Amino acid sequence: MLNNERALPLIAALAVWLPLSYFYHPTTGTILAGAIIGVGLSALIFWSGDRIPLGKTWWIKIFAVSTVAGLMNSTALDVAYSILSAPLGNRFGVVIEMIITGLVLTGLALAQVFLGPKKEK
Numbered sequence: 029m030l031n032n033e034r035a036l037p038l039i040a041a042l043a044v045w046l047p048l049s050y051f052y053h054p055t056t057g058t059i060l061a062g063a064i065i066g067v068g069l070s071a072l073i074f075w076s077g078d079r080i081p082l083g084k085t086w087w088i089k090i091f092a093v094s095t096v097a098g099l100m101n102s103t104a105l106d107v108a109y110s111i112l113s114a115p116l117g118n119r120f121g122v123v124i125e126m127i128i129t130g131l132v133l134t135g136l137a138l139a140q141v142f143l144g145p146k147k148e149k
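Numbers 29 to 149, taken from this note's numbering, label the letters of the sequence shown in order.
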């Protein structure tokens with residue numbers, strides 16, 4: 029069930045991904061696709077973060093998961109661009125895009141620790 033503690037991080041993720049997508053993608057379709065993909069991957073990171081025990085290496089584990097999610101984001105955006113606006117381009121290289129997405133998702137996961145449901149160490 030989606031309660032306030034679970035909804036707040038997703039709303040924060042939407043508030044991050046929608047402007048990022050707006051300034052990064054060339055068309056409305058790819059803007060919406062980028063935001064939806066970003067929020068979906070944020071939900072995945074939040075879910076993963078809830079299953080990783082808090083500790084000194086928590087953020088390293090989350091960064092590793094987020095970097096893999098960054099690759100998933102890049103792959104999903106490749107599909108969205110192929111479907112919606114193949115000739116338009118305007119994207120970073122896959123490695124840069126993967127790292128930037130991994131950093132954004134790690135930041136959102138760190139914010140979820142403060143905004144989301146409390147868990148014990």
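Glycine included, every Cβ here is placed at the ideal spot set by N, Cα and C.
A quick note: this is a predicted structure, and the numbers were derived from the prediction, not measured.
- Between the segment 126-134 and the segment 96-106, the count of C-beta pairs closer than 8 Å reaches three or more; the two stretches touch.
- Sorting Leu82, Ile88, Gly68 and Asp78 by C-alpha distance to the C-alpha of Ala41 places Gly68 at the top.
- Between the alpha carbons of Ala63 and Gln140 lies a distance of about 18 Å.
- Selection Thr85, Thr103, Ala61 and Ile90 evaluated against Trp45 yields Ala61 as nearest (Cα-Cα).
- For Gly98, the enclosing alpha helix (DSSP H) begins and ends at Trp86 to Leu112.
- The three-state reading of DSSP puts Thr56 in helix, counting H, G and I together.
- Trp75 places its beta carbon 8 Å or farther from that of Leu138.
- Shown here, Ile127 sits in a helix according to DSSP, grouped into three states.
- In this structure, Ser49 lies near Gly66, with their beta-carbon atoms less than 8 Å apart.
- Inclusion of Tyr109 and Thr58 in the CB contact set at 8 Å is warranted, their separation being smaller than that value.
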